[in-house]
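Participant: Below are the structure tokens for one structure; questions will follow.
Number of protein chains: 2
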Amino acid sequence: MQATPPQATPSPATSAPRAWQSVLTHIEGRLLAGDLAPGDRLPPERLLATDLGVGRSSVRGALRVLEVLGLIRTGTGSGPASGAIVIARPSGGMATLMRLQVAGGGFAVADVVATRLVLEAAVVTELAADEPDQAADLAPAAELLDAMDLDLTEAEFLALDAAFHLALAEASGNSVITAMMSGLRNSVERYALAGAAFLPSWSETSTRLRAEHRGILAAVENRDAPLARTLVRDHISGYYAEMTPPPLTTAPTTRN
Amino acid sequence: MQATPPQATPSPATSAPRAWQSVLTHIEGRLLAGDLAPGDRLPPERLLATDLGVGRSSVRGALRVLEVLGLIRTGTGSGPASGAIVIARPSGGMATLMRLQVAGGGFAVADVVATRLVLEAAVVTELAADEPDQAADLAPAAELLDAMDLDLTEAEFLALDAAFHLALAEASGNSVITAMMSGLRNSVERYALAGAAFLPSWSETSTRLRAEHRGILAAVENRDAPLARTLVRDHISGYYAEMTPPPLTTAPTTRN
DNA sequence: GTCGTCGATGTGGTCAGACCACAGAATACA
DNA sequence: TGTATTCTGTGGTCTGACCACATCGACGAC
């Protein structure tokens, strides 16, 4: 039915006129044009395939990419939850990207930690700089701190720890930084967890972390940006410095 | 051959035991174990499919994801450049993710610019803090500035502009920040280009930008971190402020 | 009339097989 | 010896067929 030799894809711009990329371009164009927005449903795969003149497998390839990148969510069956639905949730995609890049050596763990430091400092600076009358909502973060006071396993504690930092990022209102923080934290989660086993005393460390969290939140609430920055830096770099000995095997070989 | 009813995938950990995800997990495991490193070639798709007990289409799905995320590069034909080769280049994946998230409304353009500001400031701070005797290599960035002195179209100028900022990030040595900067810049490139057409005077603006670049580089070379930070902030926010009127239609609807 | 059951329908998920294009290697031939 | 041809192995794509699943609607029991 469709182009066997001529390959009618109208976008051989760069170098690889692959079928699934043309589907991706098409959907991106519809997003850009506002024709597709979060909450909308994409056409069924089979319809999209015939409409665009490609095979269903190519459409599926594009949808899979969109799914991994957090752009859509797919569901089987029928009804409102079925089909491919635009969601535009970057966190998952960012986490996958970073996790795999760390696994593949594209990102050194030390760089991930350093970047987290930069972003985290920016977040608390931003939060502390807010006008008090229109302050960001720090309640979710505070609630997480309360939850961390309970008796928890290391994994549970670290999960809440991550959620706390993420809550701060969310409160700052920058979706890009929030997604990045989520991905960064996620990508080194296994290292944080593996390193926890090598700490001299988990109870001491967790007590210290709890206090540091309280301190950071208090500094933000008191609009003391420099203090908040300092505390955040010490908090993060301190934890990773304490547990670095065992893992952290970086492999910055960037051959082709 | 493989499991029709029992679905022998050994990793139904979370919620979605999809075939291509199991392939992805398998490859991620091999990366983590050091069994696969940049430069290595993955097994052929057909072999991988039979080995893992899934269809070739599922293998292809995983490989496509890895390709989009910048983990592998695929090539047809035979010879050393064929097959799927691990490369671990995060820039492309980051750019795709951010571009699509901006298109889908997951990222507001303003947040992208704000994040770029944060990272760019961190980069120059880091560069300025280096010990003079082991200073980062700023030569590539300087060369780009020389190239920008020529008579260029707006698109050419902006491309070199992006390359200059990227060169700074690379000089800082943080691969994560470099990839993020690349992606951020890339995702708003169309806005930067579209906005350039609305500037009162391109020649004036480009002259100013050139001077600002020189200033930033000089501040870094003089180890004046505060100055470099200030200049970078003014440089970026100034440009976007000057051209914001027309585009920048954010759509922060985060339903579903 | 109401409610439960059970098929019809439409969706994504997967598999299998068949081609094609491509690039290098092996072979045949001049 | 050198060139042309064929072979082989790779990813890229299409097609068709299933399956699992979730909803909807018709039908019959009560």
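Residue numbers (my numbering), protein chains in the order written: chain X, 1 to 256; chain F, 1 to 256. Every residue, glycine too, gets a C-beta built ideally from N, C-alpha and C.
On the DSSP bridge list, what partners appear for L50 (chain F)?
Facilitator: Here the question's residue 50 (chain F) lines up with position 50 in the second sequence. In the sequence as presented, Leu is not what sits at residue 50 (chain F); that position holds Thr. Beta-bridge pairing links T50 (chain F) to no other residue.
Participant: Less than 6 angstroms between C-beta atoms, sequence neighbours within five positions excluded: which residues of the same chain meet that for S91 (chain X)?
Facilitator: The residue you call residue 91 (chain X) lines up with position 91 of the first sequence. If we look at S91 (chain X) and ignore the five residues flanking it on each side, its Cβ neighbours are A179, S182.
Participant: Three-state secondary structure (DSSP) at V159 (chain F)?
Facilitator: Mapped onto the second sequence, residue 159 (chain F) falls at position 159. For the sequence presented, residue 159 (chain F) should be read as Ala rather than Val. Of the three classes helix, strand and coil, the one that applies to A159 (chain F) here is helix, per DSSP.
Participant: Against chain X, with Cβ distances strictly below 8 angstroms, would W202 (chain F) count as a contact?
Facilitator: Locating residue 202 (chain F) in the second sequence gives position 202, counting from the first residue. It does not; no Cβ of chain X falls within 8 angstroms.
Participant: Looking only at its own chain, which residues have a Cβ that is under 7 angstroms from the Cβ of S237 (chain X), when we skip the five neighbours before and after it?
Facilitator: The sequence position of residue 237 (chain X) within the first sequence is 237, counting from 1. Around S237 (chain X): L117.
Participant: Would you call the stretch 47-63 of chain F and the stretch 142-157 of chain F touching, i.e. three or more CB-CB distances under 8 angstroms?
Facilitator: The answer is no - the stretch 142-157 of chain F does not touch the stretch 47-63 of chain F, with fewer than three Cβ pairs under 8 angstroms.
Participant: Could you give the distance in angstroms between the alpha-carbon of L231 (chain X) and the alpha-carbon of G55 (chain X)?
Facilitator: Position 231 of the first sequence, counted from the start, is the residue given in the question as residue 231 (chain X). Position 55 of the first sequence, counted from the start, is the residue given in the question as residue 55 (chain X). For L231 (chain X) and G55 (chain X), the distance between alpha carbons rounds to 55 angstroms.
Participant: Taking the beta strand (DSSP E) that A84 (chain X) belongs to, which residues open and close that run?
Facilitator: Counted from its first residue, the first sequence places residue 84 (chain X) at position 84. Residues 83-86.
Participant: At 3 residues or longer, and completely inside the stretch 64-137 of chain X: list those beta strand (DSSP E) runs for me, N to C.
Facilitator: 72-75, 83-86, all fully within the stretch 64-137 of chain X.
Participant: Name the chain F residues whose beta carbon is nearer than 8 angstroms to that of A218 (chain X)?
Facilitator: In the first sequence, counting from the first residue as 1, residue 218 (chain X) sits at position 218. Ordered by position in chain F, no residue passes the 8 angstroms Cβ test against A218 (chain X), which lies about 23 angstroms from the chain.
Participant: What residue from F:A196, F:A162, F:A197, F:L209 has the CA that sits closest to N186 (chain F)'s CA?
Facilitator: Here the question's residue 186 (chain F) lines up with position 186 in the second sequence. Minimum Cα distance to N186 (chain F) is reached at F:A162.
Participant: Identify the continuous alpha helix (DSSP H) that holds V23 (chain X) and give its terminal residues.
Facilitator: Along the first sequence, one-based indexing puts residue 23 (chain X) at 23. Here the alpha helix (DSSP H) through V23 (chain X) covers 19-32.
Participant: Quick check on N174 (chain X): buried or exposed, where buried means 16 or more other Cβ atoms within 10 Å of its Cβ?
Facilitator: Within the first sequence, the letter at position 174 stands for residue 174 (chain X). Under this definition N174 (chain X) is a buried residue.
Participant: Against chain X, does N186 (chain F) count as a neighbour if the rule is that its beta carbon must be under 8 angstroms from one of theirs?
Facilitator: The residue given as residue 186 (chain F) occupies position 186 in the second sequence. By this cut-off, N186 (chain F) is not an interface position.
Participant: Over the uninterrupted alpha helix (DSSP H) stretch that includes A228 (chain F), give me the two end residues.
Facilitator: Here residue 228 (chain F) refers to the residue found at position 228 when the second sequence is read from its first residue. 225-243 is the extent of the alpha helix (DSSP H) around A228 (chain F).
Participant: Compute the Euclidean distance between the alpha carbons of Y239 (chain X) and T207 (chain F), then round it to the nearest angstrom.
Facilitator: Working through the first sequence from its first residue, we reach residue 239 (chain X) at position 239. Working through the second sequence from its first residue, we reach residue 207 (chain F) at position 207. Roughly 46 angstroms separates the two Cα atoms.
Participant: Just tell me which of X:E170, X:V86, X:V113, X:A241 has its CA closest to the CA of E126 (chain X).
Facilitator: Within the first sequence, residue 126 (chain X) is the residue found at index 126, counting from 1. Nearest of X:E170, X:V86, X:V113, X:A241 to E126 (chain X), Cα basis: X:E170.
Participant: Can you check whether the CB of L52 (chain F) is closer than 8 angstroms to the CB of V86 (chain F)?
Facilitator: The residue given as residue 86 (chain F) occupies position 86 in the second sequence. The residue given as residue 52 (chain F) occupies position 52 in the second sequence. No; because the gap between Cβ atoms is not below 8 angstroms, this pair is not in contact.
Participant: One question on the structure: do A211 (chain F) and M243 (chain F) come within less than 8 angstroms of each other, judged by their Cβ atoms?
Facilitator: Mapped onto the second sequence, residue 211 (chain F) falls at position 211. Mapped onto the second sequence, residue 243 (chain F) falls at position 243. Going by C-beta atoms, A211 (chain F) is not nearer than 8 angstroms to M243 (chain F).
Participant: Give me the subset of the stretch 74-89 of chain F whose CB atoms are less than 9 angstroms from a CB atom of chain X, sorted by chain position.
Facilitator: Of all residues in the stretch 74-89 of chain F, I85, V86, I87, A88, R89 have a Cβ within less than 9 angstroms of some Cβ in chain X.
Participant: Which residues bound the alpha helix (DSSP H) around G215 (chain X)?
Facilitator: As a working note, residue 215 (chain X) is residue 215 in the first sequence. Here the alpha helix (DSSP H) through G215 (chain X) covers 202-221.
Participant: Residues of chain F with a CB under 9 angstroms from the CB of G92 (chain X): which are they?
Facilitator: Mapped onto the first sequence, residue 92 (chain X) falls at position 92. What G92 (chain X) touches in chain F: nothing, since even the nearest Cβ is about 10 angstroms away.
Participant: Assuming S57 (chain F) contacts S57 (chain X) under a Cβ cut-off of 8 angstroms, what Cβ separation, rounded to an integer in Å, is found between them?
Facilitator: On the second sequence, residue 57 (chain F) is found 57 positions in, with the first residue counted as 1. On the first sequence, residue 57 (chain X) is found 57 positions in, with the first residue counted as 1. With a Cβ gap of about 6 angstroms, S57 (chain F) and S57 (chain X) count as contacting.
Participant: Using a beta-carbon distance cut-off of less than 7 angstroms, what residues from the stretch 166-185 of chain X approach chain F?
Facilitator: Within the stretch 166-185 of chain X, the qualifying residues are N174, S175, V176, I177, M180.
Participant: So, using beta-carbon positions, are A142 (chain F) and A225 (chain F) closer together than 8 angstroms?
Facilitator: For this step, residue 142 (chain F) is matched to residue 142 along the second sequence. For this step, residue 225 (chain F) is matched to residue 225 along the second sequence. Result no, Cβ atoms of A142 (chain F) and A225 (chain F) do not sit closer than 8 angstroms.
Participant: Verify the CB distance criterion: does S57 (chain X) have a CB-CB separation below 8 angstroms to chain F?
Facilitator: Taking the first sequence and counting its residues from 1, the one referred to as residue 57 (chain X) is at position 57. So yes, S57 (chain X) belongs to the interface.
Participant: For chain X, check one thing: does any of its Cβ atoms lie closer than 8 angstroms to the Cβ of L32 (chain F)?
Facilitator: Residue mapping note: residue 32 (chain F) aligns to position 32 of the second sequence, counting from 1. Output row for L32 (chain F): interface = yes.
Participant: Tell me, which residues are paired with R41 (chain X) by DSSP?
Facilitator: Residue mapping note: residue 41 (chain X) aligns to position 41 of the first sequence, counting from 1. BP columns for R41 (chain X) point to X:I85.
Participant: Can you find a C-beta in chain X that's less than 8 angstroms from the C-beta of E189 (chain F)?
Facilitator: Mapped onto the second sequence, residue 189 (chain F) falls at position 189. Taking Cβ atoms only, chain X never reaches closer than 8 angstroms to E189 (chain F), which makes this a no.
Participant: To be precise: take each residue of the stretch 115-141 of chain X, compare its Cβ to all Cβ atoms of chain F, and keep it if any distance is under 8 angstroms. Which residues remain?
Facilitator: Within the stretch 115-141 of chain X, the qualifying residues are T115, V118, L119, A122.
Participant: For chain F, find out if any of its Cβ atoms is closer than 8 angstroms to the Cβ of A108 (chain X); answer yes or no.
Facilitator: Locating residue 108 (chain X) in the first sequence gives position 108, where the first residue counts as 1. Judged by the 8 angstroms Cβ criterion, A108 (chain X) is in contact with chain F.
Participant: Contact check, V123 (chain F) vs V188 (chain F) under 8 angstroms by CB: the rounded distance?
Facilitator: The count along the second sequence starts at 1 and reaches residue 123 (chain F) at position 123. The count along the second sequence starts at 1 and reaches residue 188 (chain F) at position 188. Rounded, the Cβ-Cβ distance is 17 angstroms, inconsistent with contact.
Participant: So which residues of chain F does D268 (chain X) contact, with C-beta pairs closer than 7 angstroms?
Facilitator: Lying before the first or after the last residue shown, residue 268 (chain X) is absent from chain X, which here runs from 1 to 256.
Participant: Spell out whether any CB of chain F is found under 8 angstroms from the CB atom of A37 (chain X).
Facilitator: On the first sequence, residue 37 (chain X) is found 37 positions in, with the first residue counted as 1. Taking Cβ atoms only, chain F reaches closer than 8 angstroms to A37 (chain X), which makes this a yes.
Participant: According to DSSP, is L184 (chain X) part of a helix, a strand, or is it coil?
Facilitator: What you label residue 184 (chain X) is simply residue 184 of the first sequence in a count that begins at 1. Three-state result, L184 (chain X): helix.
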